[in-house]
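Asker:
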Amino acid sequence: MSRIVISPDRCKGCELCVQACPQQILGMGKKINSRGYFYAEMVEQMRCIGCRLCCITCPDMAIEMQVHGAMYHYFAY
Amino acid sequence: MSRIVISPDRCKGCELCVQACPQQILGMGKKINSRGYFYAEMVEQMRCIGCRLCCITCPDMAIEMQVHGAMYHYFAY
Amino acid sequence: MAETVFARPKALADVTTHYCPGCTHGVIHRLVAEVIDELGVRDRTVGIAPVGCSVLAYNYFNVDFHEASHGRAPAVATGIKRARPELIVFSYQGDGDLASIGMAEIIHCANRGEKVTVVFVNNAIYGMTGGQMAPTTMPGQVATTCQLGRDVEQAGHPIRIAELMSTLRTPAFVARATVHDPLTVIHAKEMLRRAFAYQVEGRCFSLVEILSTCPTNWGIPPAESAGWLEENMLPYYPVGIFKTPDGGSREPKPLAD
Amino acid sequence: MAETVFARPKALADVTTHYCPGCTHGVIHRLVAEVIDELGVRDRTVGIAPVGCSVLAYNYFNVDFHEASHGRAPAVATGIKRARPELIVFSYQGDGDLASIGMAEIIHCANRGEKVTVVFVNNAIYGMTGGQMAPTTMPGQVATTCQLGRDVEQAGHPIRIAELMSTLRTPAFVARATVHDPLTVIHAKEMLRRAFAYQVEGRCFSLVEILSTCPTNWGIPPAESAGWLEENMLPYYPVGIFKTPDGGSREPKPLAD
Amino acid sequence: MQNDVIMAGFGGQGILLIGKMLAYAGMHAGKEVSWLPSYGPEMRGGTCNCTVVISDEPVGSPVIRSPRAVVAMNLPSLEKFEADIREDGLLLINSSLINRGAEREDLTVVEVPANEIAGELGNPRGANMVALGAYIGATDAVALDEVIEVVRETFGAKPAVIDVNIEALRKGFELGAAARRPEAVEA
Amino acid sequence: MQNDVIMAGFGGQGILLIGKMLAYAGMHAGKEVSWLPSYGPEMRGGTCNCTVVISDEPVGSPVIRSPRAVVAMNLPSLEKFEADIREDGLLLINSSLINRGAEREDLTVVEVPANEIAGELGNPRGANMVALGAYIGATDAVALDEVIEVVRETFGAKPAVIDVNIEALRKGFELGAAARRPEAVEA
Amino acid sequence: MTKKLMKGSEAIGEAAVQAGCKLFFGYPITPQNEIPEYMSMRLPQIGGSFVQAESEVAASNMIYGAAGTGERVMTSSSSPGISLMAEGISYLAGSELPVVIVNIMRAGPGLGGILPSQGDYFQATKGLAHGDFRVLVLAPWSIQEAADLVQDAFDLADYYRNPVMVLGDGLIGQMMEPVEFREGREPIKQLEEKTWATTGCDGSRPPNIINSLFLDPEVLERHNIRLKAKYDRMAADEVRFAEYGTEADYDILIVAYGTVARVCTTAIEELRATGVAVAMVRPITLFPYPYEAVREAALKASAVLVVELSSGQMIEDVELALARSRPIHFLNRMGGMLVSFEEVVGKVKAILDGASEEVRHG
Amino acid sequence: MTKKLMKGSEAIGEAAVQAGCKLFFGYPITPQNEIPEYMSMRLPQIGGSFVQAESEVAASNMIYGAAGTGERVMTSSSSPGISLMAEGISYLAGSELPVVIVNIMRAGPGLGGILPSQGDYFQATKGLAHGDFRVLVLAPWSIQEAADLVQDAFDLADYYRNPVMVLGDGLIGQMMEPVEFREGREPIKQLEEKTWATTGCDGSRPPNIINSLFLDPEVLERHNIRLKAKYDRMAADEVRFAEYGTEADYDILIVAYGTVARVCTTAIEELRATGVAVAMVRPITLFPYPYEAVREAALKASAVLVVELSSGQMIEDVELALARSRPIHFLNRMGGMLVSFEEVVGKVKAILDGASEEVRHG
Ligand SMILES: Cc1ncc(C[n+]2csc(CCOP(=O)(O)OP(=O)(O)O)c2C)c(N)n1
Ligand SMILES: Cc1ncc(C[n+]2csc(CCOP(=O)(O)OP(=O)(O)O)c2C)c(N)n1
Ligand code: SF4
Ligand code: SF4
Ligand code: SF4
Ligand code: SF4
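Residue numbers (this note's numbering), protein chains in the order written: chain A, 1 to 77; chain B, 1 to 77; chain C, 1 to 257; chain D, 1 to 257; chain E, 1 to 187; chain F, 1 to 187; chain G, 1 to 362; chain H, 1 to 362.
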């Protein structure tokens, strides 16, 4: 089972991850970070399928992914 | 009937015309011109067929051609 | 126990970049860093930063770096590689830098067959200086020096670097990729891996052109920039491999005329 | 009465050139002058001399002339044509001038589609400076900066300008000819006539690459130079038309991979 | 008499715009003016600022190291410029994004919840106009009407925008004027 | 004591070569020397020349406007340099290609049919060596043997060439020496 | 015409157009991008032509070609870009072509920074490129003056058949100030027809040749001598400077140019308020340099203060002018940092208190 | 090692190799083609690398890259080519990289001619490019000195981490003279290991960055101040010059550099023969300039004669040194024409006869 960690301070609020997520479980938050950006948040962690598309998409390395136990990888990266 | 006029002072003695002449009627002279070159000379004017190949070949515009009366042109130029 | 399956590559410095939100320069940086890690050459890699938005790249990679003058990165790369052939040398250049002022340097570097790798970021505009027309700007695209849109009658058509470079006789690896959506990012990384691998093997010069977004100067929100790139740039800048050191030469022959 | 059927064209000044014996720069000068005469544009033609053996071209033509800095003739041509579009503007450049230092200027001039004509003289060497290697020098050919012959591992393969230029998307006329024997001279003149005609019609940029000899720096007597050119240069530099403004684009497509 | 101010905030908050409008107004009022933006990459994403000088004499230095007034639209700007303000100068704080007051004692401080006000007026992007209004309210730099004129010129293309902005401007002006009155009394 | 000479002729007559050989010889003889060629496009096809200075002191100016001697291998060279020669200086004329004598009275003139002599020796390209020989014969610049040494070094690769050139050198030397004797007597 | 609030870069562009500039060739570089951007919009409107060159090298050769046809042409750039134009400018000077080159200086060396600097003084006034030549250098201190000098620059370029450089700093490029363009402005010089231009030769005259190559050294020397005579004429006729408070008595003379001089005027006001009498000479032409004016004004003072945004470049010309007749003090900032009037005030006081070191290069 | 008769260009190339130069990047240009030609043969023999660059712009950036790795690298060119290197040299100076740049000057401006000149003095010593920087300039007057100075140049470049220029004229490039290379020559400076070089970062140190960009003006200003301090150190420690006949009394002091100074020695001999006492100071470093030496020697004379192959460039530094303490006279040729010792003799006599005009720029 996979866990997405978004760093509020690294996020620039570009929304690319929100768009990239096949599960549509990422969203933009209402809070402004230190650099003046509204940053992305995980809305429904439970439904994450660990595809890593949000991580791959993020231009700012604001998203990391951890998995607990075994995990099927949809594609090699 | 055609006449070839070679300017001794314009000629640099490169011999390209001698090579180009299908009739082999041009040759290099024994005299040195003002700029230190042995220059080309017409050896057998009579056999000239007026093809203009020597004129076309000369890099130094040292050869002019005149024709007396009508003359068959082997190619347009 | 939790295992981190996606994290910052070692070759990528742990800092926040100055890039605008949604600018895919960031993605391309990460891909280059991942490839350097995966090939295990970080300790002998030297990067060359261009003059452009990626001018500060030297702050974003954990490898020795050299800041080139505008457009001359391939000449700088030549100097470094000739001095220390054991180094893995790559330049990272924008389209103004490489395709405009740097045209002579990139063509001659490739033609000499310098064993270096060029990462060419084509975002169809001058980012750093605030959105002037680039050689790669699309017909009709608005920029600050063509405010009515690029007029091909006045400025000509966009230059396709991958195509142009692939016609040189000297063996090389030349490819084009894009990073406007996650799946294309994976392909882009594969192209970069091959490009660096050819250098590690001492085979040939390699160049990967990567289509990138510039939401700020395109005046298009990041989320819509990917779509703009796909609609406007992709058809004119086809993705794929244009030349391999094994394949023959790719220049056109005279027309039957 | 005697009629002169072959004489000096009006556009060619009645002086002796400084060119070496057998150097075909002289032939190419004459062809350009003949074409200018035949198109009747002498009174509105401006030529641009390069830095190279033809640096003194401004003394050899009966038209206004502008001496460019080394390699920048296409930029100078752009300035002249943009300032006075009614002028017929041509540059006359050697291979060091155009293909080495001037690579960026020629590509961008062509890519902008400047309505000018470029006469590109490829003699596979630097003549003026005494025989250094040119980008067009043949593999194995000896020059003063490659005294053991051009090593393609170090210096890469010769650059084929006609091929390279023809891959640009902007419409243009690009051809290659040679003047190493009388019959090829006739073809070369035809290519030049078309190139200038396209400009007169305001159609497009045009470039004619012409293979030429350099007996002095090749170290080959003039009479044998033609043979050397035919054997060594012609196979690598095929003669013909590479691109016309009507024909489609000629760049390679991605490899199936 | 000279008025000078540094206006600072995030890029995209419309700082440079209100600075220009202030300069225009000054010019229309027959004064000597200069407008100087911060420029360069550091702008991108980050903060930006501009310096406006309005004077009866030809403007000497367009660069003001210790300005008579500062308009801080966000926290970084406040931190960057508060210390530079001339003694007894004016500090305008956008309390919507800055949740602290001034650190200095000598300053005339005007706290304006610019974003809230703009939001209430249904003109969320008008926070900068509120701030501009507050500044001219708290100083004698230029008359309100001059600025209103400029607003009309600036947004001439889109009349709809004109009114909401003038509205924001007035609201800000009131707050600025209010904040200054006591001090006027003291004097 | 200083000897300086300008050697001039058509490109391809081997002028620069004999100039270098003279300088080498001077160096081997332990003297200070300099060799300065004319350079540039005007060389191509046209004429070329070089200036050689051989001196006991460090060479001051390597550029000699009025040389002590001139070796003219063709007419243009004679016309270009005759006037420049120092008073009572030496003028060496290649009478094979120059069918006029000196115009000045004060000069010691040595006319050498260099091409003919070389031809007679079956070494048509050796005219330059004849001229070199004549020059050293007519001056005290360097000893003949020193130059012969240099010839051996220079053509070491092709022994065949060595002898014919030494031969040409000696022939020239005799003519040069002969031409100077009377003058020596006068003195 | 009424005043308009304009950014310096745009005022420069508009001034050129008003002066009859038909062509602009340039390459983007901060802090002057608004000049090419403005010209790209404006020139087509008046039937002119704008080309974004592939590089500054190309740009300098495009103006070279265009100027050869006799049209009025301009380019602009900032420090690194000007360096790339060095060879081209030498060709322009050698071929005696009139062009206007704007350099909005940024901090160097190398890529340096993008903020204001005066680090290109030596380059502009002395060693711009190889060979013996000079360009006329005009240094504005306000947007209005920038606009005026750009127009004069075109006349001077045509009159002398020589490149003229307008040398400003980042402030001139980026600042907004009110500008007024004089209606129906007359050329400041008697200008002749450009009979030397490459306009096509119909045989009524010999072909015109634009060229800087002279293989015969005697011919080239004559050319060099003619050029030198021209530069001497500039030195005799074109010196421009402004004086501030030199009519009254003063202890200290400030020498500064460009926007730095504005900061100094503010300082001079402040000092006057405190009873310290300071005057200023502001060179407007940097080549030719107002040596006499500086010397005369300096001789009325007890000491001279040179203020620059460089490590000390114009100060050498001040030394040449003074020839050690007065002590010279130096105040500078670099790297894009600007001199504040407070610093100038402080430095002047230090000089008077003997707390400032005198400097000398020669 | 025994003397060899070598062409200047080849001696320069061999000297570089002897000094440990492993890399040469350059582009052909008369009158120094024999330098790249020699290096193209020689460097491969010692495991080095020669690249004929596509242009001087590229060459200047190739040495920039190569120098960054810590290897010894050189380029050479002539006047127009040096102008094209302007931006690159500014980057080299800004990034503090050691390189040796040889400029065999030809006549300008523009394409000019190919014969000897000293018209690039201002460029080399003052305005080489944009931004505040200097390069150390060494001016040889013979082939032997050229060879020696080239070797010293590499040490000085490494020691100061700064470009060093060897400035000769066409004579130095084309002339042949006997040369001797000292066996086992020791560096003239204590040289440190190049820990700053881009050799690959294994983590034992932070990544090395070769760079001249500093967006923060305060950081860039500190950088500029450090650079200025370095140039001041050069001025304090590296001044080189030679004196001739200054120990005795003399009426006239000649100041000349490079091959022109040789012509002057011949003139001095001739004059001495006629009883006229003349001395000479020959600057060997042009930056830093031997102001003190020139001033002191001048004060012993009644007048100073500056001889240059330019319209008058070094003369400004002589003026700075003298500060009007002695009258300065000027003798020059241009365009590739050379000064003859007869002309120098004539000029000196004219000065003594009061038949020569004094000159002054400042
Ligand atoms: C010689 C020189 N010319 C111009 C510039 C200004 N300049 C900086 S970046 C740049 C172009 C950047 O565009 P691009 O290469 O496309 O990179 P991007 O910013 O889009 O990533 C220019 C023209 C410079 N720094 N130096
Ligand atoms: C900036 C600059 N670099 C180099 C040179 C020297 N140079 C003169 S001509 C030439 C090359 C000539 O070769 P090419 O262009 O092939 O013409 P060719 O002489 O063979 O006809 C060079 C390098 C120069 N004059 N200017
Ligand atoms: S992609 Fe990255 S930067 Fe963009 S919103 Fe998502 S987490 Fe933030
Ligand atoms: S081709 Fe012309 S130059 Fe050559 S030999 Fe014949 S006539 Fe003379
Ligand atoms: S300006 Fe464009 S290219 Fe530059 S960082 Fe922003 S988005 Fe990226
Ligand atoms: S050197 Fe070569 S190209 Fe030049 S004139 Fe001679 S033969 Fe022709």
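Note that the Cβ used here is the ideal one computed from N, Cα and C, for glycine as well. Predicted, not measured: the structure shown is a model, and the values here were computed from it.
Identify whether residue 162/H lies in helix, strand or coil by the three-state DSSP scheme.
Answerer: coil
Asker: What are the start and end residues of the beta strand (DSSP E) that includes residue 184/H?
Answerer: No beta strand (DSSP E) contains residue 184/H, which DSSP labels as neither H nor E.
Asker: Since residue 283/H contacts residue 241/H with CB under 8 Å, what's their CB separation in whole angstroms?
Answerer: 5 Å
Asker: Whose Cβ in chain D lies nearer than 7 Å to the Cβ of residue 41/H?
Answerer: The contacting residues are 147.
Asker: What's the C-alpha gap between residue 36/H and residue 147/H?
Answerer: Note on geometry: alpha-carbon atoms of residue 36/H and residue 147/H lie some 15 Å from one another.
Asker: Please go through the segment 104-152 of chain F and give each complete beta strand (DSSP E) segment of 3 or more residues, from N-terminal end onward.
Answerer: 108-112
Asker: In chain order, what residues of the same chain lie with their CB nearer than 6 Å to the CB of residue 122/F, ignoring the 5 residues before and after it?
Answerer: none
Asker: Once the 5 residues before and after residue 111/F are set aside, which same chain residues still bring their CB inside 6 Å of it?
Answerer: 93 and 95
Asker: Who are the neighbours of residue 76/H on chain D, taking C-beta pairs under 8 Å?
Answerer: Those do not exist, as residue 76/H stays about 13 Å from chain D at its closest Cβ, beyond 8 Å.
Asker: Here's the rule: buried if 16 or more other CB atoms are within 10 angstroms of the residue's CB, otherwise exposed. What is residue 55/G?
Answerer: Label assigned to residue 55/G: buried.
Asker: Flag residue 74/E as yes if its beta-carbon sits less than 8 Å from any beta-carbon of chain A, otherwise no.
Answerer: yes
Asker: Name the one or two DSSP bridge partners that residue 76/F has.
Answerer: Beta-bridge pairing links residue 76/F to no other residue.
Asker: How many angstroms separate the CA atom of residue 171/E from the CA atom of residue 56/E?
Answerer: The alpha-carbon separation between residue 171/E and residue 56/E amounts to approximately 28 Å.
Asker: Measure from the alpha carbon of residue 173/C to the alpha carbon of each residue in 117/C, 187/C and 30/C, then state which is nearest.
Answerer: 117/C
Asker: Which of the three DSSP states is assigned to residue 93/D in this structure?
Answerer: Correct three-state label for residue 93/D: strand.
Asker: Rounded to whole angstroms, how far is the Cβ of residue 51/C from the Cβ of residue 97/C, which I believe are closer than 8 Å?
Answerer: 6 Å
Asker: So within the segment 77-164 of chain G, which uninterrupted alpha helix (DSSP H) runs reach at least 4 residues, ignoring any that extend past its ends?
Answerer: 79-84, 86-94 and 143-160
Asker: Return no unless some Cβ of chain D is closer than 8 Å to the Cβ of residue 53/B.
Answerer: yes
Asker: Between the segment 198-209 of chain C and chain H, which residues of the former have CB atoms less than 8 Å from a CB of the latter, in chain order?
Answerer: none
Asker: When you compare only the Cα positions, how much space is there between residue 34/B and residue 199/D?
Answerer: The alpha-carbon atoms of residue 34/B and residue 199/D are separated by roughly 42 Å.
Asker: Kindly give me the distance between the Cβ atoms of residue 97/F and residue 73/F, rounded to whole angstroms, as I take these residues to be in contact under 8 Å.
Answerer: 7 Å
Asker: Of all Cβ atoms in chain D, is any one closer than 8 Å to the Cβ of residue 43/B?
Answerer: False, the Cβ-Cβ gap to chain D never drops below 8 Å.
Asker: When you compare the CB positions of residue 37/A and residue 158/C, do they come within less than 8 Å of one another, or not?
Answerer: No, they are not a contact pair.
Asker: Helix, strand or coil for residue 222/G per DSSP?
Answerer: In the structure shown, the three-state DSSP call for residue 222/G is helix.
Asker: Quick one: which chain C residues come within Cβ less than 7 Å of residue 30/A?
Answerer: Chain C residues near residue 30/A: none, gap ~17 Å exceeds 7 Å.
Asker: Measuring only between beta-carbons, confirm whether residue 13/B sits less than 8 Å from chain F.
Answerer: no
Asker: Comparing the CB of residue 14/C with every heavy atom of ligand 3, is any distance shorter than 7 Å?
Answerer: no
Asker: Thinking C-alpha only, which one of 67/H, 97/H, 351/H and 112/H is nearest residue 216/G?
Answerer: The shortest Cα separation from residue 216/G among 67/H, 97/H, 351/H and 112/H belongs to 112/H.
Asker: How many Å lie between residue 131/E and residue 151/E at the Cα?
Answerer: 14 Å
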